Amino acid sequence: MPCLARLTTLCLTSWIALQPCWAAPAEESNETGPDSPKGWLDTSLDWLINQRNNWSQRLVATGRSVDGFLANTDSTDSPNHSYVKLSYSAVWKKSGIIENSPKARFKLDLPLTNKRFRLVVENEPADEKPAEQRLREATLTDKERTSSPTEGRLSASQFLHHWKWRGEIGLRIDVPADPFVRLKAKRHWQWPAYSDAGGTTFESSLFYTHIQHLGQKNSLTIDYPFGPSWLGRAYSEALWDDDDHRWTFVQSVAAFYTLDAKRLIENRVAWLGESRPSVRTTDYLYQFRYRQKLYKDWFFLQIVPEALWSRDEDWDFSPSLSVGFEIVFSE
Numbered sequence: 004m005p006c007l008a009r010l011t012t013l014c015l016t017s018w019i020a021l022q023p024c025w026a027a028p029a030e031e032s033n034e035t036g037p038d039s040p041k042g043w044l045d046t047s048l049d050w051l052i053n054q055r056n057n058w059s060q061r062l063v064a065t066g067r068s069v070d071g072f073l074a075n076t077d078s079t080d081s082p083n084h085s086y087v088k089l090s091y092s093a094v095w096k097k098s099g100i101i102e103n104s105p106k107a108r109f110k111l112d113l114p115l116t117n118k119r120f121r122l123v124v125e126n127e128p129a130d131e132k133p134a135e136q137r138l139r140e141a142t143l144t145d146k147e148r149t150s151s152p153t154e155g156r157l158s159a160s161q162f163l164h165h166w167k168w169r170g171e172i173g174l175r176i177d178v179p180a181d182p183f184v185r186l187k188a189k190r191h192w193q194w195p196a197y198s199d200a201g202g203t204t205f206e207s208s209l210f211y212t213h214i215q216h217l218g219q220k221n222s223l224t225i226d227y228p229f230g231p232s233w234l235g236r237a238y239s240e241a242l243w244d245d246d247d248h249r250w251t252f253v254q255s256v257a258a259f260y261t262l263d264a265k266r267l268i269e270n271r272v273a274w275l276g277e278s279r280p281s282v283r284t285t286d287y288l289y290q291f292r293y294r295q296k297l298y299k300d301w302f303f304l305q306i307v308p309e310a311l312w313s314r315d316e317d318w319d320f321s322p323s324l325s326v327g328f329e330i331v332f333s334e
């Protein structure tokens, strides 16, 4: 623990010291004047921003072109939510081991290919991940980032009133490649007194992959605002694992506090369980998560101190600290 505490202090101190470096280059250049020479940091940041914007445009253009070709229609002005996320995190554990975790996630979105089924190409479908992995590898950006009410979702009047349906067929890029089919249903109950901030959402997804076969996930989310800056969330989930013929369960309670337009903190406690060999607890988890937009809506920082008590470790206290960055290439 003394080692972990020193590492925590070092990381936080370094991050605070680097805060001035993350100021927007455009704003800094305006202050110094058009004739002022740029330093190496400004030049490096300008290069990074230009590269990110250029690759984002290429990615979205590729998504639109493939979508228009398969749908046999003009897709020039159609919204496209293809993305690539490059992330790197370092995790310090109780044993003193430091785990480095670079990761690339991508999704090629083709919403016009079919009005009822979206054809997507991605490398990490979230529905197939174990519950603990999804909790501990939460993306630095909101999952709603790639959501849109017109993304191939079926009109509620076509099927069940108030329900939203979405079908997807696609390919998971892996070794070997894994084709999949997914059908999702969603129902949201709005709380009139809280506008869009509070409500209850039920989601159910049924998916089939060539490698992992059949799976199902059901989740219930309850959001309750406690003012303009606080949001409480209760989340329940059951995920069927066809390979192990068992259900895995998650029950979590979280409190979100918005510090400002760029910074958010989250406190979460979670219980994890399984149905085999009997219904039992597998883990208890506590997380404190700090998120910040370092630049616009595509460069993020996340710091996560965590405490885990696992059945596999005889309920031994296992603290860790994760520091990560993420760059998002998208429209």
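So the sequence shown is residues 4 to 334, counted in this note's numbering. A virtual CB, placed ideally from N, CA and C, is assigned to each residue, including glycine. All of these numbers come straight from a predicted model, not from anything done at the bench.
Taken through DSSP and simplified to helix, strand or coil, G218 comes out as strand. Residue state for I306 is assigned as strand, using DSSP reduced to three classes.
Secondary structure of G71 (DSSP, three-state): helix.
Here Q290 is not near D245, since their CB atoms are 8 Å or more apart.
In the displayed model, L51 falls within a helix according to three-state DSSP.
From the listed residues P228, Y287, V282, the smallest Cα separation to A258 is found for P228.
The beta carbon of A93 sits closer than 8 Å to those of I101, E102, N103, S104, S325, V326, G327, all from its chain and outside the five residues before and after it, given in chain order. Around the CB of Y86, 16 or more other CB atoms lie within 10 Å, so the residue is classed as buried.
Judged by DSSP in its simplified three-state form, S85 adopts coil rather than helix or strand. P114 counts as buried, since no fewer than 16 other beta carbons sit within 10 angstroms of its beta carbon. Excluding five sequence positions before and after A107, the CB atoms of its chain that fall closer than 6 Å to its own CB belong to L89, given in chain order.
In terms of CA proximity to L223, S239 leads the group P231, S239, F210, G235. Taking C-beta atoms under 8 Å as the contact rule, N75 and E334 fail to qualify, at a distance of about 23 Å. The shortest C-alpha to C-alpha distance from R185 to any of L174, W192, Y287 is the one to L174.
Proximity to A273 across K220, T284, A64, L234 peaks at T284, based on C-alpha coordinates. In terms of Cβ geometry, F332 and S98 do not form a close pair [threshold 8 Å]. According to the DSSP assignment, W192 belongs to the beta strand (DSSP E) that extends over 181-193.
Scanning Q254, N221, D247 for the CA closest to the CA of R236 turns up Q254. Beta-carbon to beta-carbon, S208 and Q219 are separated by about 7 Å, close enough to satisfy the 8 Å threshold.
Between V124 and F183, the alpha-carbon positions lie close to 10 Å from each other. Within the same chain, Q290, S323 come within 6 Å of E309 by CB-CB distance, once the 5 residues on both sides are set aside. Here R249 carries a strand assignment [DSSP, helix/strand/coil]. Assigned with DSSP and collapsed to three states, L262 falls in coil, not helix or strand.
If you check the CB distance, S232 and Y260 come in under 8 Å. For A200, the three-state secondary structure derived from DSSP is coil.
For S321, the enclosing beta strand (DSSP E) covers residues 320-332. For T284, the enclosing beta strand (DSSP E) has its first and last residue at 283-298. Remark: C-beta atoms of Y287 and I306 do not approach each other more closely than 8 Å. Within the same chain, Cβ atoms closer than 8 Å to the Cβ of D77 are found at G71, the five residues on either side in sequence being excluded. One Cα belongs to K296, the other to S281, and the distance between them is close to 43 Å. Straight across, the Cα-Cα distance linking G230 with W50 is about 41 Å. In the structure shown, the three-state DSSP call for G170 is strand. Residue Q54 holds the alpha-carbon nearest to the alpha-carbon of W301 among T46, D45, Q54. A Cβ-Cβ contact shorter than 8 Å links L111 with G66.
Looking at the DSSP output, V178 shares a beta bridge with no other residue.
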